[in-house]
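In the UniProt record's numbering, the protein residues as written are 1 to 134.
Built from N, CA and C at the ideal position, the CB exists for glycine as well.
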């Protein structure tokens with residue numbers, strides 16, 4: 001079983017970068033890439049740290065517009081220390097409003113789920129059950 005609901009990652013190629021939001025069962029849900037003409041036209045370089053920061057801003061905006069506020073980073077602490085691109089990418093995501101953790105699970109109560117019955121009612125006995133008691 002996956003330990004995340006949404007996972008965000010920065011994929012770097014030789015001349016382009018792509019930021020992806022992946023759902024645990026449905027795959028890639030939202031992405032932003034320097035291959036997109038509207039993004040590429042605004043950047044000096046498609047593969048530098050500034051491009052990864054701008055991809056983070058675009059991905060954060062798209063996630064918040066879609067109602068996604070909690071994501072898990074798809075990199076280790078060692079990768080964050082070694083890669084300035086990754087560190088700045090996740091820093092900008094965090095600053096632009098995405099939480100880098102999963103939300104706590106809600107306890108299933110009547111206040112959160114109105115389909116639950118407040119009191120447990122005993123079921124009606126059938127004639128056969130009454131006869132079995134004798």
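My output table needs one value for residue i: the three-state DSSP class, helix, strand or coil.
| i | result |
| --- | --- |
| residue 78 | helix |
| residue 123 | coil |
| residue 33 | strand |
| residue 66 | coil |
| residue 22 | strand |
| residue 111 | coil |
| residue 99 | strand |
Between residue i and residue j, what straight-line distance do the alpha-carbon atoms span, to the nearest angstrom?
| i | j | result |
| --- | --- | --- |
| residue 88 | residue 21 | 17 Å |
| residue 1 | residue 43 | Legend: pLDDT at residue 1 = 46, less than 50; position of this residue unreliable, no value from coordinates given. |
| residue 91 | residue 15 | 22 Å |
| residue 63 | residue 94 | 12 Å |
| residue 7 | residue 97 | 15 Å |
| residue 3 | residue 128 | 48 Å |
| residue 32 | residue 81 | 23 Å |
| residue 108 | residue 66 | 25 Å |
Provide the residue(s) that pair with residue i in DSSP beta bridges, ordered along the chain.
| i | result |
| --- | --- |
| residue 13 | According to DSSP, residue 13 bridges with nothing at all. |
| residue 72 | 7 |
| residue 27 | 23 |
So, is residue i buried or exposed, given that buried needs 16 or more other C-beta atoms within 10 angstroms?
| i | result |
| --- | --- |
| residue 24 | exposed |
| residue 86 | buried |
| residue 17 | buried |
| residue 56 | buried |
| residue 112 | exposed |
| residue 60 | buried |
| residue 123 | exposed |
| residue 115 | exposed |
| residue 54 | buried |
| residue 10 | buried |
| residue 34 | buried |
Would you call the stretch 45-53 and the stretch 62-77 touching, i.e. three or more CB-CB distances under 8 Å?
Note that the stretch 45-53 does not touch the stretch 62-77; fewer than 3 beta-carbon pairs, one per stretch, sit closer than 8 Å.
Using a Cβ distance threshold of 8 Å, determine whether the stretch 28-41 contacts the stretch 100-116, with at least three qualifying pairs required.
By the Cβ rule, the stretch 28-41 does not count as touching the stretch 100-116, because fewer than three pairs are nearer than 8 Å.
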